[in-house]
Amino acid sequence: MSAPLLKADGLCKSYAGVHAVAEVSFSLVEGTITAMIGPNGSGKSTTVDLVTGFQAADAGMVSLDGRALTGLAPEQIARSGLMRTFQQVRVYDTLAIEENLLTAAQETDGTGWLDALLRSRRFRAADSAARARAAELLDLVGLARMAQAPAGVLSYGQKKLVALAGALMPRPRLVILDEPVAGVNPTRVLEVEAIIRRLHQAGQSFLIIEHNVDFVMRLSQRVIVLDQGRKIADGTPEEVRANEAVLEAYLGTEAEPADA
Amino acid sequence: MGALDRLTGPLVAAGIAAAIALPFWAPSPYAVYVAINAALFTVAAMSLNLVYGFAGLLSFAQLGFWGIGAYVAAIGVKDLGLPIIPAFLLAGAVCAVVAAGVGHAALRLNRHSFVVVSIAFTLLVLTLARDWTEVTRGALGIPGLGLPRPFGLTPPGDSYYVALAFSLPALGLLLVIARSRVGRTLLAIRQDESLARSHGIAPRAYRLFAFVVAAALTGIAGAIFVFHLTIVDPLILDIYYMQTFLIMVILGGMGSFWGVVVAGILMSILPEALRFSNDLRMILYGLLLILAVTFMPYGFAGWLKARRGEVWRRATPATRLPAGDA
Ligand SMILES: Nc1ncnc2c1ncn2[C@@H]1O[C@H](COP(=O)(O)OP(=O)(O)OP(=O)(O)O)[C@@H](O)[C@H]1O
Ligand SMILES: [Mg+2]
């Protein structure tokens with residue numbers, strides 16, 4: 729097998745004695761959807777932060793396409809092709825939805841500040857390409873009619889879609905979604921699932937953090953399970969469903985994987 | 019707001035024409051004098067808007083740059099024997115370099131520490147103005163300044179054109195920045211720095227750019243202002259100026275270009291028209307700031323924008339859109 733798309737090796741992070749993430753290692757294969765699940769406080773979001781540079785790991789290494797990401801700033805990691813969304817949905821409220829998307833891709837479109845200030849030919853070309861990409865993605869998530877509305881007027885679930893579309897804007901190597909359907913109306917969860925499926929068919933790789941185990945089991949080829957900062961399982965959805973340690977972890981926190 | 023958008027072009031053209039013709043229709047030389055203040059204060063306010071309204075940095079250093087520009091130009095002309103325009107350019111360049119140095123260090127701090135450092139910086143400039151007497155001549159200041167009189171108009175007509183020859187291009191530059199992707203990026207950083215970083219944006223580089231541009235323009239505005247006054251002394255660093263710039267930004271709307279232009283002009287004219295004393299003005303400005311922050315935290319332009327958002331909300335029933343709220 730070729731080199732993994734993303735490789736995390738021995739990631740550790742403690743807060744005043746609490747081991748939020750302890751010796752977590754995993755690698756992702758290009759073109760797949762991998763899920764990361766685990767009870768509340770099991771270290772999922774912290775792992776995302778360590779991988780994307782938003783927090784510094786106490787120990788461990790991360791690489792994307794064989795290139796080390798360890799020690800890089802979050803913006804450098806984003807520019808190298810690893811995009812993420814946040815568990816607490818984030819959008820630029822006063823910017824139009826289209827502008828939200830354009831902002832997400834501007835730093836890697838090959839134009840500089842001077843291009844942008846002078847609206848050079850290169851800038852105009854990159855700008856219209858970005859607008860076309862934004863239109864395509866807004867169409868996909870069903871917000872095309874709202875493109876010029878400020879993102880602040882959107883509902884929570886719609887903001888999550890804008891954040892997802894933003895992460896996809898620069899055609900990243902990998903997108904990490906931290907709970908893309910948490911707090912989203914159950915009838916809409918299926919729509920998000922369909923969107924992710926279509927993107928995956930087009931070749932997009934994903935790492936999806938979720939509490940909604942059904943959602944994740946349907947979508948992913950592989951599931952990683954964390955509990956109390958440690959990786960307790962890593963395999964196909966079927967393998968993970970049958971795993972004793974996983975059942976125990978979920979029963980222990982009074983949330984069953986079947987309907988969490 | 020749509021109608022207002024369409025009117026912007028003609029309104030701006032009419033405004034510029036009226037500004038250029040002002041000495042010929044102004045009711046009195048005093049009105050032209052007020053217009054000089056308006057031209058220079060509006061540039062300083064818009065520079066503060068770039069730093070505060072766009073980049074999200076409440077910077078009291080703007081007052082320091084206003085003073086540094088004023089002193090550098092005065093010393094350039096009086097002690098270094100520079101012609102006036104190179105002296106103004108030197109003022110802008112010195113402010114830019116100082117801002118790059120201060121910003122490089124201070125922008126590593128969080129926003130709150132940045133405010134404190136920006137105040138400390140301005141207090142340091144004030145101390146230098148008062149106590150570095152060999153250079154600044156202390157409390158006595160540097161008198162005998164004056165703007166050129168190329169047209170020989172009734173004073174202060176020529177000074178007005180000098181101010182305008184700076185202010186219009188300066189505001190044009192600020193408009194280009196505000197409307198460009200750089201301006202949009204600054205707004206994005208102000209709203210959510212973490213999100214911006216997740217999008218590959220390096221906040222510090224953008225903020226430093228805003229800080230340096232604002233310092234250079236504020237410095238030149240301060241320089242022209244003291245040459246118009248004919249003297250520079252430590253009073254150029256009076257908190258009154260900072261309060262004036264700040265109130266223009268807050269009433270006009272943080273992050274709004276035209277809102278701050280209108281507020282800059284109105285807030286230069288109103289107090290003069292009402293003939294307030296300086297003390298009364300300080301008190302009223304303080305009250306206005308408190309009222310504005312309480313009831314219109316995003317200024318007049320922000321209030322208009324919020325109404326536009328309401329229109330979108332009403333126009334789009336949530337049921338027809340995917341992924342509604344839980
Ligand atoms: N900044 C912090 N300071 C102290 N403790 C923290 C901090 N961030 C996270 N923790 C702790 O680290 C552990 C892991 O948190 P994390 O947010 O990674 O969990 P999670 O798996 O994402 O949980 P959830 O499903 O609730 O989102 C928790 O015990 C949490 O309380
Ligand atoms: Mg989490």
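Chains as they are written, first to last, in my numbering: chain A, 729 to 988; chain B, 19 to 344. For glycine and all other residues, C-beta sits at the position ideal for the given N, C-alpha and C.
Alpha-carbon to alpha-carbon, residue j and residue i
{"i": "B/Pro350", "j": "B/Phe132", "result": "Any question about residue 350 of chain B goes unanswered here, given that chain B covers just 19 to 344."}
{"i": "A/Ala796", "j": "A/Ser753", "result": "15 Å"}
{"i": "A/Ser791", "j": "B/Thr145", "result": "52 Å"}
{"i": "A/Ser755", "j": "A/Asp942", "result": "23 Å"}
{"i": "B/Leu125", "j": "B/Leu269", "result": "26 Å"}
{"i": "B/Leu68", "j": "A/Ala922", "result": "42 Å"}
{"i": "B/Gly271", "j": "B/Ala281", "result": "9 Å"}
{"i": "A/Ala970", "j": "A/Asp962", "result": "12 Å"}
{"i": "B/Gly175", "j": "B/Thr248", "result": "15 Å"}
{"i": "A/Gln815", "j": "A/Asn940", "result": "13 Å"}
{"i": "A/Arg950", "j": "A/Pro898", "result": "25 Å"}
{"i": "A/Leu902", "j": "A/Gly759", "result": "9 Å"}
{"i": "B/Leu98", "j": "B/Leu309", "result": "46 Å"}
{"i": "B/Val194", "j": "B/Phe184", "result": "16 Å"}
{"i": "B/Asp368", "j": "B/Tyr258", "result": "This structure cannot settle anything about residue 368 of chain B, because the visible part of chain B is limited to 19 through 344."}
{"i": "A/Ile825", "j": "A/Gly745", "result": "42 Å"}
{"i": "B/Ile265", "j": "A/Ile960", "result": "58 Å"}
{"i": "B/Arg167", "j": "A/Leu830", "result": "49 Å"}
{"i": "B/Thr337", "j": "A/Ala872", "result": "Since pLDDT at B/Thr337 reaches only 39, below the 50 mark, its modelled position is unreliable, and no value is offered."}
{"i": "B/Val115", "j": "A/Thr774", "result": "40 Å"}
{"i": "B/Ala233", "j": "B/Gly156", "result": "23 Å"}
Assigned secondary structure, residue i (DSSP; H/G/I helix, E/B strand, else coil)
{"i": "A/Asp867", "result": "helix"}
{"i": "B/His246", "result": "helix"}
{"i": "A/Leu902", "result": "strand"}
{"i": "B/Arg215", "result": "helix"}
{"i": "B/Asp297", "result": "helix"}
{"i": "A/Glu751", "result": "strand"}
{"i": "A/Glu984", "result": "In this predicted model, A/Glu984 has a pLDDT of only 49, less than 50, meaning its place in the structure is not dependable enough to derive any value."}
{"i": "A/Val791", "result": "The sequence shown places Ser at residue 791 of chain A, not Val. Of the three classes helix, strand and coil, the one that applies to A/Ser791 here is strand, per DSSP."}
{"i": "B/Leu292", "result": "coil"}
{"i": "A/Leu954", "result": "strand"}
{"i": "A/Gly911", "result": "coil"}
{"i": "A/Tyr820", "result": "coil"}
{"i": "A/Thr760", "result": "coil"}
{"i": "A/Pro767", "result": "coil"}
{"i": "B/Asp23", "result": "helix"}
Distance CB(residue i)-CB(residue j) smaller than 8 Å
{"i": "A/Arg807", "j": "A/Glu827", "result": "no"}
{"i": "A/Gln817", "j": "A/Ala891", "result": "Inspection of the sequence shows that residue 817 of chain A is occupied by Val rather than by Gln. It is a contact, given that the beta carbons lie within the stated cut-off."}
{"i": "B/Val278", "j": "B/Ala63", "result": "yes"}
{"i": "A/Gly794", "j": "A/Leu739", "result": "no"}
{"i": "B/Val95", "j": "B/Leu158", "result": "no"}
{"i": "A/Asp906", "j": "A/Gly766", "result": "no"}
{"i": "A/Ala750", "j": "A/Gly781", "result": "no"}
{"i": "B/Ile283", "j": "B/Ala56", "result": "yes"}
{"i": "A/Asp786", "j": "A/Ser742", "result": "yes"}
{"i": "B/Leu40", "j": "B/Tyr178", "result": "yes"}
{"i": "B/Tyr78", "j": "B/Ile238", "result": "In the sequence as presented, Tyr is not what sits at residue 78 of chain B; that position holds Phe. No."}
{"i": "B/Tyr224", "j": "B/Ile207", "result": "yes"}
{"i": "B/Val52", "j": "B/Ser286", "result": "yes"}
{"i": "B/Val134", "j": "B/Val112", "result": "no"}
{"i": "A/Pro878", "j": "A/Thr822", "result": "yes"}
{"i": "A/Ser933", "j": "A/Leu733", "result": "yes"}
{"i": "A/Leu882", "j": "A/Met764", "result": "no"}
{"i": "B/Ser198", "j": "A/Ala854", "result": "no"}
Exposed unless 16 or more other CB atoms sit within 10 angstroms - verdict on residue i
{"i": "B/His130", "result": "exposed"}
{"i": "B/Pro28", "result": "exposed"}
{"i": "B/Tyr70", "result": "buried"}
{"i": "B/His122", "result": "exposed"}
{"i": "A/Glu938", "result": "buried"}
{"i": "B/Trp84", "result": "buried"}
{"i": "B/Ala117", "result": "buried"}
{"i": "A/Glu803", "result": "buried"}
{"i": "B/Ile38", "result": "exposed"}
{"i": "B/Ala196", "result": "buried"}
{"i": "B/Leu192", "result": "buried"}
{"i": "B/Leu165", "result": "buried"}
{"i": "B/Phe59", "result": "buried"}
{"i": "B/Arg215", "result": "buried"}
{"i": "B/Ser351", "result": "No answer is possible for residue 351 of chain B: it lies beyond the span of chain B, which begins at 19 and ends at 344."}
Positions along the stretch 786 to 798 of chain A whose CB lies within less than 9 Å of some CB in chain C = The structure shown contains no chain C; the protein chains it does contain are A and B.
Specify which residues have a beta carbon nearer than 7 Å to any heavy atom of ligand 2, listing them in chain order.
-> A/Lys772, A/Ser773, A/Gln815, A/Asp906, A/Glu907 and A/Ile937
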